[in-house]
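Q:
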Amino acid sequence: MKKIIFLSFLLVSTTCFSQKIIPNINLTTLKGKSVSLESQLSKDKITVLAFWATWCVPCINELDAINDVYEDWQEETSVDIIAIATDDSRTQKRIKPMVNGKGWEYQILLDKNQELKRALNITLIPHVIVLKGNEILYRHTGYAPGAEDELYDIIKKHSK
Amino acid sequence: MTPLLMKKIAIFIIILFPLVSFSQDDSSISYGFESNSQYYLDDSKTGDFLESNRFRSNSFFKIDYSYKNFYVGLQAESYEPKALLNYSPNLDKTNLGLYYIGYKTKKIELTLGHFYEQFGSGLILRSWEDRQLGINNALRGGRVKFSPKEYLHFTSFYAKQRKGFAHSKGNIVGFNSDLDISSALNFENSSFNAGFSYVGRKQKKAETNFDYNNRTDLFSTRLEFSKDDFYSNLEYVAKGKDAVMIQNQIKNAKKGAALLANFGYAKKGLGINATFRRMENMNIYSDREANGNIYNESVVNYLPALTKQHDYLLTNIYVYQAQPQVSFQDPTLIKSGEIGGQLDVYYKIKKGTFLGGKYGTKVALNYSSWHGLKADYDFAGFDYETEFLGFGQKYFSDVSVEVRKKWSKQWNSIFYYVNQSYNKRYIEETFGEINANIFVSEATYKMGKGKSLRFEAQFLATNDDKKNWAGGTIEFNATSKLAIYVNDIYNYGNDDIEQQIHYYNAGGSYTVGAQRFALNYGRQRGGLICIGGVCRNVPESTGISANITMSF
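Here the protein sequences come in this chain order: U and F. Heads up, the first sequence is in the working numbering, so the first residue is 16 and it goes up one at a time. Heads up, the second sequence is in the working numbering, so the first residue is 550 and it goes up one at a time.
(1) Quick one: which chain F residues come within Cβ less than 7 angstroms of U/Gly157?
(2) Out of F/Leu661, F/Gly691 and F/Ile721, which one is the CA nearest neighbour of F/Leu674?
(3) Using a C-beta cutoff of 9 angstroms, does U/Ser93 count as contacting chain F?
(4) Three or more C-beta pairs under 8 angstroms: does that hold for the stretch 708 to 718 of chain F against the stretch 677 to 690 of chain F?
(5) Quick check on F/Ser957: buried or exposed, where buried means 16 or more other Cβ atoms within 10 Å of its Cβ?
(6) Roughly how many angstroms separate the alpha carbons of F/Ala802 and F/Phe931, rounded to a whole number?
(7) Give the single residue among F/Tyr628, F/Gly646, F/Tyr869 and F/Phe724 whose Cα lies nearest to the Cα of F/Pro638.
(8) State the start and end residues of the unbroken beta strand (DSSP E) segment that holds F/Ala1099.
(9) Report the option in F/Tyr1070, F/Phe940, F/Ser1058 and F/Phe598 whose CA atom is closest to the CA atom of U/Leu139.
(10) Give the range of the beta strand (DSSP E) segment to which U/Ile151 is assigned.
(11) By alpha-carbon positions, which one of U/Gly161, U/Ala162 and U/Lys147 ends up nearest to U/Lys172?
(12) With distances taken from CA atoms, which of F/Asn986, F/Asp836 and F/His1051 is nearest F/Asn763?
(13) The stretch 917 to 933 of chain F: which residues have C-beta closer than 7 angstroms to a C-beta of chain U, in chain order?
(14) For a contact meaning CB atoms closer than 8 angstroms, what does F/Ile821 contact in chain A?
(15) Using the Cβ count rule (16 or more neighbours within 10 Å means buried), how would you classify F/Val849?
(16) When the Cα atoms are used, what is the spatial distance from F/Ile983 to F/Gly890?
(17) Around the Cβ of F/Ser1094, are there at least 16 other Cβ atoms within 10 angstroms (buried) or fewer (exposed)?
(18) Among F/Tyr580, F/Gly671, F/Ile650 and F/Arg680, which one has its Cα closest to the Cα of F/Asn607?
(19) Under 8 angstroms, with one C-beta from each stretch per pair, do the stretch 933 to 953 of chain F and the stretch 53 to 69 of chain U reach the 3-pair mark?
(20) I need the DSSP call for U/Trp67, collapsed to helix, strand or coil.
(21) What's the gap between the Cα of F/Ala1027 and the Cα of F/Leu1002?
(22) What is the DSSP secondary structure of F/Met828, counted as helix, strand or coil?
(23) Spatial neighbours of F/Asp777 within its chain, please: C-beta separation below 6 angstroms, excluding the five flanking residues on both sides.
(24) Could you pull the start and end residues of the alpha helix (DSSP H) that U/Gln89 belongs to?
(25) For F/Phe724, which residues in the same chain have their Cβ closer than 6 angstroms to its Cβ, ignoring the five residues on either side in sequence?
(26) Using the rule of at least 16 other Cβ atoms within 10 Å of the residue's Cβ for burial, across every protein chain shown, is F/Thr531 buried or exposed?
(27) F/Thr881: buried (16+ other C-beta within 10 angstroms of its C-beta) or exposed?
(28) Which class does F/Ser637 belong to by DSSP, given the choice of helix, strand or coil?
(29) Is it true that the CB of F/Asp947 sits closer than 9 angstroms to the CB of F/Ser917?
(30) Would you mind telling me which residues of chain U sit closer than 8 angstroms to F/Trp677, beta carbon to beta carbon, in chain order?
(31) Does F/Ile795 come within less than 9 angstroms of chain U when only Cβ atoms are used?
Here is the structure:
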């Protein structure tokens, strides 16, 4: 444990100068097509990746809350939100009916065996990542009701 | 830390360091740290802590670095002074759990070292990690992925499977192909995909007269179709003859099979999904001897329970676990697989209607039912002959209704009802049958700026097993960073007054960006902890736990 902490600090201190680029990993659309994440991001525009799962209540609360104001957000900042479902095959088939049943307006991509989630070292969901092009500007774990306002402040700040 | 481990880590740092120090725009780095520690306490109600090491901790450090088309990474794991209760004894001390290096372009990807892989829905192959369950069945070897066209993908690998910090004796070889037929043929309005996989597990046959080979072959064929609002999937897996292990002894050699069919309809405001699955003798382990191990080690494929994953404490007491295995316990308790299905309906009642109100109302229904296979069983000969679509003994059923309603900008509520029927004798191979009704109601009051209060009340009614339970939760988010909670479930209906126990917990968490620290004190109910359809038995325990997670 101590050794791991030591190792972490060693590596962290050597690496804090490198830029944060989102790894370009293939995801699956709801129609079963494989697409690269990079091809879904537009340059110079803010994109929010929201990692969620059909069984994760706070994730759904967050996406429900944002969906209520998504239109306003897009009008003001033209932000795109991509909801990345990390469900494994137990619950994957529930994604499409749930998204439709809830009337969410987001683009949905599937991280079928959590390859992207692992590459980004995400251990807990909900987890949001704010990107400009493919550069990571901000990350956040967890959701408290109302926290979407703080996320929006960050989006606004970077979209100028 | 062993000298060998030091050497391994040193080599990785040497590889990483020059890459990192010259890092430019096309490099990227990500790391994560997670630590789960617990200090176990004696409990006047549930007993003293009798194991060694009251303080135990599981920690993980993972780093990924990529430069242009190359990537490299490692995961160090530490179980010191010992792993948390009921983790596999193979997870011990500090060591490198994973290490890998690879090269990736649009068309090709090469990986050496550890990797995770999944073919289709995982019925034939899936390697994954779940730290809370102590599962990491990553493969270690070589893998090639090749996509000659945007609509055509191939994967093949040769590997051993991770087991604790060691690896399997058996070798696994895999091949997978996925073809997006609609893109290849330029279909405009529909989508049509096909997949084929092969997995072979090679392990020397034991000295026995039963007829099976060193290598066990599995084949999977898949079709996926969608048009307009409809979609469907079909998968069939055939498993070649393999030893049937009963209590660690080879008692027969049988084939296996799995069939998965799925149909759905989804348009704005309404979603319906129906799944059917039949599995017969479908377990496959990288080492035959690992059959039925309680730590979920050496599992090659992914056979989750296809039931709704509930979110509340009392809805997770009677959780179904998939029954793909062959089991001969006594002449009245024989299993060869499972058959059943589930149905999901999601519906949004429109805004402005009587039931919809100002914000609309969201309704979700789920029904699932699982049975044993109908078969002629020969207990003395450890043999059986199944009927293809025959339903045998009922194992489990679950009906649930969820209604989510937003009343105003401040108030939200959820009502949840579940009826469960759980055949404990067949599922856990003990005794008893349980029929339970569970009611949950929760309300959230938002005060703005991330401040909110959430209440939850739960009630489980049953005349079986441990009888009635009641429970509740209060959660307060002081800011979007700081949250505290208390919860309690109380088995007040237990016939044995000594067993009328409160399982209470209190704790808090502090989150800054992607860094989170949580502290918890309480008494943990013993039993199955299930995540993603896979379960692990945990003992009753009382203590203080601390969790740290960081991602960069």
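For every residue, glycine included, the Cβ atom is placed at its ideal position computed from N, Cα and C. Since this is a predicted model, take the numbers as computed values, not measurements.
A: According to the structure shown:
(1) The residue given as residue 157 of chain U occupies position 142 in the first sequence. Result: Thr1060 and Arg1065.
(2) Within the second sequence, numbered from 1, the residue matching residue 674 of chain F stands at position 125. Closest option to F/Leu674, Cα to Cα, is F/Ile721.
(3) Numbered from 1 along the first sequence, position 78 holds the residue referred to as residue 93 of chain U. No, its Cβ sits nowhere closer than 9 angstroms to a Cβ of chain F.
(4) yes
(5) Taking the second sequence and counting its residues from 1, one reaches residue 957 of chain F at position 408. So F/Ser957 counts as exposed.
(6) Within the second sequence, residue 802 of chain F is the residue found at index 253, counting from 1. Within the second sequence, residue 931 of chain F is the residue found at index 382, counting from 1. Looking at the two C-alpha atoms, the distance is approximately 10 angstroms.
(7) In the second sequence, counting from the first residue as 1, residue 638 of chain F sits at position 89. The shortest Cα separation from F/Pro638 among F/Tyr628, F/Gly646, F/Tyr869 and F/Phe724 belongs to F/Tyr628.
(8) Along the second sequence, one-based indexing puts residue 1099 of chain F at 550. Per the sequence shown, residue 1099 of chain F should be read as Met rather than Ala. First-last of the beta strand (DSSP E) with F/Met1099: Ser1090 to Ser1100.
(9) Taking the first sequence and counting its residues from 1, the one referred to as residue 139 of chain U is at position 124. Closest option to U/Leu139, Cα to Cα, is F/Ser1058.
(10) By 1-based counting over the first sequence, the position of residue 151 of chain U is 136. Note, U/Ile151: beta strand (DSSP E), Glu150 to Thr156.
(11) Counting from 1 along the first sequence, the entry for residue 172 of chain U is found at position 157. The residue with the shortest Cα to Cα distance from U/Lys172 is U/Lys147.
(12) Counting from 1 along the second sequence, the entry for residue 763 of chain F is found at position 214. Nearest option by C-alpha distance: F/Asp836.
(13) none
(14) Absent here is chain A; the protein component of the structure consists of chains U and F.
(15) Taking the second sequence and counting its residues from 1, one reaches residue 849 of chain F at position 300. Buried.
(16) For this step, residue 983 of chain F is matched to residue 434 along the second sequence. For this step, residue 890 of chain F is matched to residue 341 along the second sequence. F/Ile983 and F/Gly890: Cα-Cα distance of roughly 20 angstroms.
(17) As a first step, residue 1094 of chain F is located in the second sequence; it is residue number 545 there, counting from the start. Buried: at least 16 other Cβ atoms inside 10 Å.
(18) By 1-based counting over the second sequence, the position of residue 607 of chain F is 58. Measuring from the Cα of F/Asn607, the nearest candidate turns out to be F/Arg680.
(19) no
(20) As a first step, residue 67 of chain U must be located in the first sequence, where it is residue number 52. Three-state DSSP puts U/Trp67 in a strand.
(21) For the purposes of this step, residue 1027 of chain F is taken as residue 478 along the second sequence, with counting starting at 1. For the purposes of this step, residue 1002 of chain F is taken as residue 453 along the second sequence, with counting starting at 1. So the alpha carbons of these two residues sit roughly 8 angstroms apart.
(22) Residue 828 of chain F sits at position 279 when you count from the first residue of the second sequence. DSSP places F/Met828 in strand when its eight states are reduced to three.
(23) On the second sequence, residue 777 of chain F is found 228 positions in, with the first residue counted as 1. Nothing listed; no residue qualifies.
(24) Start at 1 with the first residue of the first sequence, and residue 89 of chain U comes out as number 74. It spans Val72 to Thr92 - the alpha helix (DSSP H) in which U/Gln89 sits, taken as one unbroken run.
(25) As a working note, residue 724 of chain F is residue 175 in the second sequence. Once the five neighbours on either side are set aside, the close Cβ partners of F/Phe724 are Ser705 and Tyr747.
(26) In the structure as shown, chain F starts at 550 and stops at 1101, and residue 531 of chain F therefore has no counterpart that could be examined.
(27) Locating residue 881 of chain F in the second sequence gives position 332, where the first residue counts as 1. When all chains shown are included, F/Thr881 counts as exposed.
(28) To locate residue 637 of chain F, count along the second sequence from 1; it is residue 88. Note: F/Ser637 maps to coil in three-state DSSP.
(29) Indexing the second sequence from 1 puts residue 917 of chain F at position 368. Indexing the second sequence from 1 puts residue 947 of chain F at position 398. Yes.
(30) Numbered from its first residue, the second sequence carries residue 677 of chain F at position 128. Simply Asp103, Asn128 and Gln129.
(31) For the purposes of this step, residue 795 of chain F is taken as the residue at position 246 of the second sequence. No, because no Cβ of chain U sits closer than 9 angstroms to the Cβ of F/Ile795.
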